[in-house]
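Asker: Submitted below is the structure of interest, expressed as structure tokens.
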Amino acid sequence: MKMIFTTMAKLSLLLTLCSILSFNAIAQYADIAYWHFNAAPYSGAITANTGTGTLYLNGTNGSSSGWSTTSFGGSAGDAIAFVGDVNNGKHMVFRFSMTGKQNARVTFQTRGTGTGYTTGTWAYSEDGTTWTTIPGVNTASTSTSFSQKQFTTSGLDGKANAYLRYTLSGASSSNGNNRVDEFYIAAQAGSSPCATPIVSAQPANVIVTVPNTATFNTTAINVTAYQWQWRANASGNWANVTVLQGTGGTSSSFTTVPTVATMDEYQYRVVLTNACGGGSTTTVLNSNTAMLSLNCAAPVATLQPLDTTVVSGAPALFVADATGVTSYQWQWRANSTATWADVTTAEGTGGTSDSFTTIATTAQMSGYQYRVVLSNACGGTVTAGITNTDSATLTICQPPVVTTQPLDTTVVLGNVAVFEVEANNVSAYQWQWRANNTAAWANVTTAEGIGGTSDSFTTIATTATMNGFQYRVILTNACGSTTITNLFTDSATLNICMPPVITTQVINTTATLGSSAVFEVAGNNATGYQWQWRANNTATWADVTAAEGTGGTTDAFTTIATTLTMNGYQYRVVLTNACGASTVTNLVSDTATLTVVCPPSVSITAQPLNAAINLGANALFTVTATNAASYQWQVWDDLTASWTDIAPAANGYSGQHTDSLIVNAPALSMDSTRYRVVLSNLCAVTTTSTEAMLTIDAGITVMTNPVTALTSNGFTSVTTFTNTGIGQYQSQGIRYSADAITWNPLVPGGVISNLSPNTQYYFQAYAIFDIGTFYGAVSDTFTLANVAGPSSLAALTGGTTIQLSINENNNPAYTEYAIASGTNWVQANGSLGTTAAWKTATDWNATTIRELTPRTNYCFSVKARNNDGIETALSTEACIQTDSSVNVAVNDIAAALSGQVILYPNPSTGMVQLKYNFERALDLNVTVVDLSGKVVLATTFNDLKSGVQIIDLSSLAQGMYSVRLASGGHVAGKKLLIAK
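At position 731 of the sequence shown the residue is numbered 731 (this note's numbering), and the sequence of numbers has no breaks.
The structure is reproduced here in structure tokens:
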């Protein structure tokens, strides 16, 4: 026992020593990286002073940026100083390699203030993204003296990329201050890891239909064990599969249990392990994640919708049946290329059941297609199974519709005729015929033609008897058991095209030279005519044109005016019967010959007359004759003692080849020249007129301003003249006129009497010679006995009486006056009566018009008479309005128009000045009328009071014109003479 104990004690001691030796061997740490902060400012990525490693303070690899630091420095040597509380929660990250190493150890110096960071936690990571906190480690210090901190972790054993993260927190003031320095990272040597599994085929996503199973596979090397894991979604925790999830959970292939809807989007992966033994570290690798997606089984249609035909207006029913269906959705489209759309109540009922009924059908719906979408929903997120049935087409049975009616047809006698119809919705045709539009219809047979039950019917060869036959077709549409019949087309008439027949032939025609000849034909069955001509019976026929005459395509042709050349011309006509597309032509008439005869010789009915003119005037010689086709005026040549034709370009002449010869302003040397004219008919047979002589007077100058004087009985004139010509003077005088057209002569010193009152007169001097009478220019106008209206109106006290005065216009020819007011006359005592009262101007000027109505407008006009009892017409009116007070409103427009408007000069060459002077501004309408009553000018001048307006009448012809002045309902007239 002692021996054994001793041996056992020795063995125990030996094991203990081995254990100690082994521990000491493993406990040896070697530095990986060392940082001492002795440079300022620091970089965001600080490389270790010795060894290999990097410290990140720049936001990469899981670190934070934006640190608040001060200069490097401290009692433990230079250090990083973190200032204030803005660094709470920020991370500094160390990156290094742990390949072939284990048990990483961190040692560093730190100090702080009471308001500095109170917590300093550490975490490790393999990728700088996913971090694992190292429990129980807090390396923050609030001591003002540097102290050493140290901790060890095995979480990074053997990692090629090792990350350690230091997080500061808990600073309570912006005055806090913490410093760190002298970071050492060391590790022990580790055992050699097993080879890492290598995946050549990752698990792939799988889609299966419920309730089928799903299989996930992987292919890898360096694997000693498989463990499949699952989770319900991307945020769930991974768990090893069991038999509840499926089979093959520890192999390279895992098969799920039969799927249910809740398994949709389950995720699976496999953990690959390589345990190679011999003290090597086991390696583990997680595969990629694969997702399970589920579909529901598609329904199976056991009854497809069928094509359906219904009568327009009836609904249509479509039915389908299927297995594995949870819902139905009928769809429709307008045709086979349109897009499908779900039916709504606008399309019909039963849209979500196994049978769908349309609305009452319309013609537009014919050709619509329908199908049903069969759905199988398994619930959850599982995609429903969908099956589209076949499409079924709806046909609407419509009555026949004619798009092209049978048309009237014309054919040449003996040809067949074809009648056609175009229509929709037709299943059968039956053509019918009848002899005329009152006969009974009968179905056609082979005796009438072929195609009687098609859309085109062809008659037998036509005969004259068939002309006027009518044809139609009965259209029928049979839609299954429903038949719509008896739509009759329009009737079409058969016309037989017959050849033309001439009933009256063309005959020879005789025409007088210069007249037209007419050729006519009469016939039947002719729709067109074409006349032809030739110069003689051996020439070639040609169609007539407008150069030959008119009516060339009618039954009567009229030639142009005939010439002698046309004598013997021949004419004929080609008759054509155009019957639709068929034409029967070239029925040619007989030939007719044209004979042209000469007209009678020229007969002169008025010979040329002698012409006597003043020097400088034109001479005119005329002749009147019948049957004259040309004229040639001649002049007697004393040198050759012969008649000479006056050439067309001869100077000083015009009209040499007309019935009127004009000798333009002949010189005095041409006095006593003789002229005649030779006239020819169309056949050049000549006739010569008698001769006529030209006589030229050197000229008379008549004084244009006779001396005039006004006497008590009228007008006296004196005129003078000068004679430089060769005529014999006889007498001289003056003539006068009321319109510058009709003149009355007056010998010098005579008296003008019996002139019309209120009339404007014109005068003109003249002298009479043996060769004629010569006149001066029309002189200024004058007015005799132009009785004016009341020259003034004044209201007396009370406003109901008026004082007026009469302007005698310096006219001693009148002795008494009467005053009118509308239809009344002013009486001698000043009252108004129905008969005229005559008084002198002096008596009237002392008369007061009385007994007038207050606030009433009164108008007055005056007439005069002489001792012989001749009365003038009433003058223009002067108007005034009475009032109930002394202030009477005066409206004397009429008097103003008569007395305050002057036209001058008068006579005028056309530029007339209108001078006016009114008591108040007014609008003035000016109308100029010629002697025929035609208005030649109408204009309005606005807002006139005093001044001159220019009226341009220079475009008017010479003569007398009336000028009408109108304003405020009042009118005055004046005469104006245009002399040029």
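Virtual Cβ for every residue (Gly too), placed ideally from N, Cα, C.
Might you give, ordered along the chain, the residues of its own chain that have their beta carbon closer than 8 Å to the beta carbon of T50, omitting 5 neighbours on each side?
Answerer: Within the same chain, T50 has close Cβ partners D31, A33, Y34.
Asker: Tell me which residue opens and which closes the beta strand (DSSP E) that A225 is part of.
Answerer: 225-231
Asker: When the Cα atoms are used, what is the spatial distance from T591 to R534?
Answerer: A direct Cα-to-Cα measurement between T591 and R534 gives close to 10 Å.
Asker: Exposed or buried, which one is F72 when buried takes at least 16 other CB atoms within 10 Å?
Answerer: Low confidence applies here, because F72 scores a pLDDT of 46, under 50, leaving its location unreliable; read the following figure in that light. Burial call: buried.
Asker: Between T107 and the rest of its own chain, which residues show a CB-CB distance below 6 Å, the 5 nearest in sequence each way excluded?
Answerer: Excluding positions up to five away in sequence, the list reads Q150, Y184.
Asker: Mapping the DSSP letters down to three states, classify S63 as helix, strand or coil.
Answerer: coil
Asker: What's the gap between the Cα of A234 and the Cα of T139?
Answerer: 36 Å
Asker: Applying the 10 Å Cβ sphere with the 16-neighbour rule, what's the burial state of H657?
Answerer: exposed
Asker: For chain D, is any of its Cβ atoms less than 9 Å away from the one on L965?
Answerer: Considering every chain present, this structure includes no chain D. It has just one protein chain.
Asker: Is the distance from the Cβ of S516 to the Cβ of A547 below 9 Å?
Answerer: Taking C-beta atoms as the reference points, S516 and A547 fail to come closer than 9 Å.
Asker: How many Å lie between S987 and T273 at the Cα?
Answerer: The displayed coordinates of the chain run from 1 to 980. Any statement about residue 987 would go beyond what the structure contains.
Asker: Considering Cα atoms alone, identify which of S831, V421, W441, I460 is closest to S454.
Answerer: V421
Asker: So, for D321: in the same chain, excluding its five sequence neighbours on each side, which residues have a beta-carbon less than 8 Å away from its beta-carbon?
Answerer: A301, T302, L303, D354
Asker: Just the C-alpha distance for Y961 and Y904, rounded to the nearest angstrom, thanks.
Answerer: 14 Å
Asker: Whole angstroms are fine: how far does the CA of V412 sit from the CA of T404?
Answerer: 24 Å
Asker: What residues are listed by DSSP as bridge partners for K863?
Answerer: A818
Asker: Return the bridge partner residues of G528 from the DSSP annotation.
Answerer: In DSSP, G528 forms a bridge with T576.
Asker: Using the C-alpha atoms, what's the distance from Q398 back to P406?
Answerer: 21 Å
Asker: Which residues in the same chain have their Cβ closer than 7 Å to the Cβ of V597, if we skip the five residues on either side of it in sequence?
Answerer: T510, T512, L513
Asker: Looking only at its chain, what residues have a beta carbon closer than 8 Å to the beta carbon of L874, apart from the 5 residues adjacent to it on each side?
Answerer: A820, S861, V862, K863
Asker: For N376, which residues of its own chain have a beta-carbon under 7 Å away from its beta-carbon, when the five flanking residues on both sides are left out?
Answerer: Only C296, A297, A298, P299, G324, V325, T326, A384, G385 meet the Cβ criterion.
Asker: Determine, using beta carbons only, whether Y124 and A79 come nearer to each other than 9 Å.
Answerer: Here Y124 is not near A79, since their CB atoms are 9 Å or more apart.
Asker: Does DSSP classify S669 as helix, strand or coil?
Answerer: Three-state DSSP puts S669 in a helix.
Asker: Contact check, T462 vs V416 under 8 Å by CB: the rounded distance?
Answerer: 7 Å
Asker: Closest to A203 by C-alpha separation, out of T218, T213, N212, A195, would be which residue?
Answerer: Here residue 203 is Pro; the residue named in the question, Ala, does not match the sequence. When only C-alpha atoms are compared, the closest one is T218.
Asker: Check for me: the beta strand (DSSP E) holding Q405 runs from which residue to which?
Answerer: Q405 -> no beta strand (DSSP E), and no H or E assigned at all.
Asker: Apart from the five residues on each side of it in sequence, which residues of its chain come closer than 6 Å, Cβ to Cβ, to T283?
Answerer: P193, C194, T196, N274
Asker: Report the rounded CA-to-CA distance for L292 versus T247, giving the unit in angstroms.
Answerer: 16 Å
Asker: Could you pull out every residue in the same chain whose Cβ sits closer than 8 Å to the Cβ of T99, ignoring the five residues on either side in sequence?
Answerer: G158, K159, A160
Asker: In the DSSP assignment, what are the bridge partners of T110?
Answerer: S147, V180
Asker: Around the Cβ of P400, are there at least 16 other Cβ atoms within 10 angstroms (buried) or fewer (exposed)?
Answerer: buried
Asker: Suppose contacts are defined by Cβ-Cβ distances below 9 Å. Is I613 in contact with A606 by that definition?
Answerer: For I613 and A606, no; Cβs fall outside 9 Å.
Asker: In chain order, what residues of the same chain lie with their CB nearer than 7 Å to the CB of A828, ignoring the 5 residues before and after it?
Answerer: A837, K839
Asker: Among the residues of its own chain, which have a CB less than 7 Å from the CB of S75, if the five just before and after it don't count?
Answerer: Note on S75: pLDDT 41, under 50, position unreliable in the model; the coordinate value appears next. So the qualifying residues of the chain are F146.
Asker: Which of the three DSSP states is assigned to D390 in this structure?
Answerer: Residue state for D390 is assigned as coil, using DSSP reduced to three classes.
Asker: What three-state label does DSSP hand W844 in the structure shown?
Answerer: helix
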